[in-house]
Amino acid sequence: MGSQELAQLVPPRQKYGYDLIVHVGLRRYLGCKQRREIVAELKESKGIELSETTVTRLCDRFLLRLEMLHLLRTPQLRAALDGMWSLHIDATCEKGYGGLLIGMDGLRGWVLGAARIATERGETIQPLVDEIVELYGDPLATVRDLGEAMASGVRSTRERGIPDLVCHQHFLGAVGKKLLESTHSRLRTMLQRCRLLGDLRDLLGELQRYRANASYEGRFGPGKIRNGLPALVLWCLEGEGHKELPFPFSLHYRDIVRRCQAALPNGEDLAESSEWR
């Protein structure tokens with residue numbers, strides 16, 4: 003007869019305990035650590051030696067048990083939702099690779115269901131929608147993107163009178179592209195023809211070589227350059243360095259032109275300064 007106490011610590015016929023499974027899962031999915039980082043951390047802090055393959059298996063076990071716990075808590079989650087929730091569905095698919103389909107309560111940010119799908123089609127989306135509705139009841143509305151696949155995926159709820167709404171971000175993105183894509187594309191073509199970005203990158207590389215080597219003699223001849231000049235060129239290219247929102251919520255090429263216009267007076271002052279050489 004096996005030990006009941008041991009069975010609460012280690013899954014049957016396995017040698018790694020629940021505590022290690024949870025630790026690895028949390029570091030991987032909440033800590034956003036790579037497998038090799040988890041291997042190194044465990045060896046350094048706990049003296050536990052695992053391979054990256056073992057870490058992958060432990061992560062899979064963690065996800066399986068997390069899903070089981072999620073399903074076991076369905077009655078409590080349904081009671082907490084109390085019919086006051088909206089079903090937001092979205093998928094991240096790459097052509098030829100499939101992707102992940104997510105269904106979540108948009109009011110609370112709770113993920114209620116997820117599934118791997120081979121392609122983004124109505125027949126692959128609807129089963130998850132139907133499963134979530136069966137588990138948690140009818141939502142106040144469904145919220146989706148403008149694609150035909152998502153529209154087909156929520157047909158069953160739409161036919162029962164549940165409002166089918168389009169995500170504001172997707173709607174504004176579609177409107178923004180209609181309004182701005184033509185002119186933004188022309189601006190991109192103009193910048194490519196005049197080689198503005200390429201020339202700025204070449205200039206930045208040249209200035210960095212001057213800064214790295216005091217005896218360097220490049221296109222500007224011998225001598226030092228002002229420290230602020232490479233930073234100014236880099237700012238023209240990258241701005242503040244923050245990750246930009248996708249088009250049309252940010253206008254990459256327009257912003258570059260505006261930064262260049264703003265930088266021009268400062269660049270001229272630096273070039274004319276007695277400290278330029």
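Per the working numbering, residue 3 is the first one in the sequence shown, and the count goes up by one each step.
Cβ coordinates follow ideal geometry from the N, Cα and C atoms, glycine included.
Rounded to whole angstroms, how far is the Cβ of residue i from the Cβ of residue j, which I believe are closer than 8 Å?
i: Leu102; j: Ala116; result: 6 Å
i: Ile127; j: Met152; result: 6 Å
i: Pro232; j: Arg213; result: 6 Å
i: Gly124; j: Gly155; result: 5 Å
i: Leu205; j: Val168; result: With a Cβ gap of about 45 Å, Leu205 and Val168 do not count as contacting.
Going by DSSP, which residues form a beta bridge with residue i?
i: Ala116; result: Ile104
i: Ala143; result: Ser88
i: Gly220; result: Gly223
i: Ala93; result: Leu103
Classify residue i as helix, strand or coil using the three-state DSSP reduction.
i: Arg156; result: Rather than Arg, the amino acid found at residue 156 in this sequence is Val. Coil at Val156, not helix or strand.
i: Ser276; result: The predicted position of Ser276 is uncertain, since its pLDDT is 44 and thus under 50; a value taken from the coordinates is nonetheless stated next. Note: Ser276 maps to coil in three-state DSSP.
i: Leu52; result: coil
i: Thr191; result: helix
i: Val168; result: strand
i: Ser5; result: coil
i: Asn268; result: helix
i: Arg30; result: helix
i: Gln263; result: helix
Which residues in the same chain have their Cβ closer than 8 Å to the Cβ of residue i, if we skip the five residues on either side of it in sequence?
i: Leu181; result: Pro250
i: Gln263; result: none
i: Asp132; result: Ser158
i: Arg118; result: Gly100, Gly101, Leu102 and Leu103
Leaving out the 5 sequence neighbours to the left and right, which residues in its chain are closer than 7 Å to residue i when beta-carbon positions are compared?
i: His254; result: Glu246
i: Ala112; result: Inspection of the sequence shows that residue 112 is occupied by Trp rather than by Ala. Closer than 7 Å at the Cβ level, and outside the excluded window around Trp112, lie Met106.
i: Ser276; result: In this predicted model, Ser276 has a pLDDT of only 44, less than 50, meaning its place in the structure is not dependable enough to derive any value.
i: Arg63; result: Ile23
i: Asn268; result: Leu234
Less than 8 Å separating the beta-carbons of residue i and residue j?
i: Leu60; j: Ile23; result: yes
i: Ser53; j: Ala143; result: no
i: Arg190; j: Leu239; result: no
i: Leu148; j: Ala120; result: no
i: Arg29; j: Glu43; result: yes
i: Val12; j: Ile40; result: no
Tell me which same chain residues have a C-beta within less than 6 Å of the C-beta of residue i, skipping the five on either side of it?
i: Gly223; result: none
i: Gly200; result: none
i: Glu122; result: Ala93, Cys95 and Ala151
i: His244; result: none
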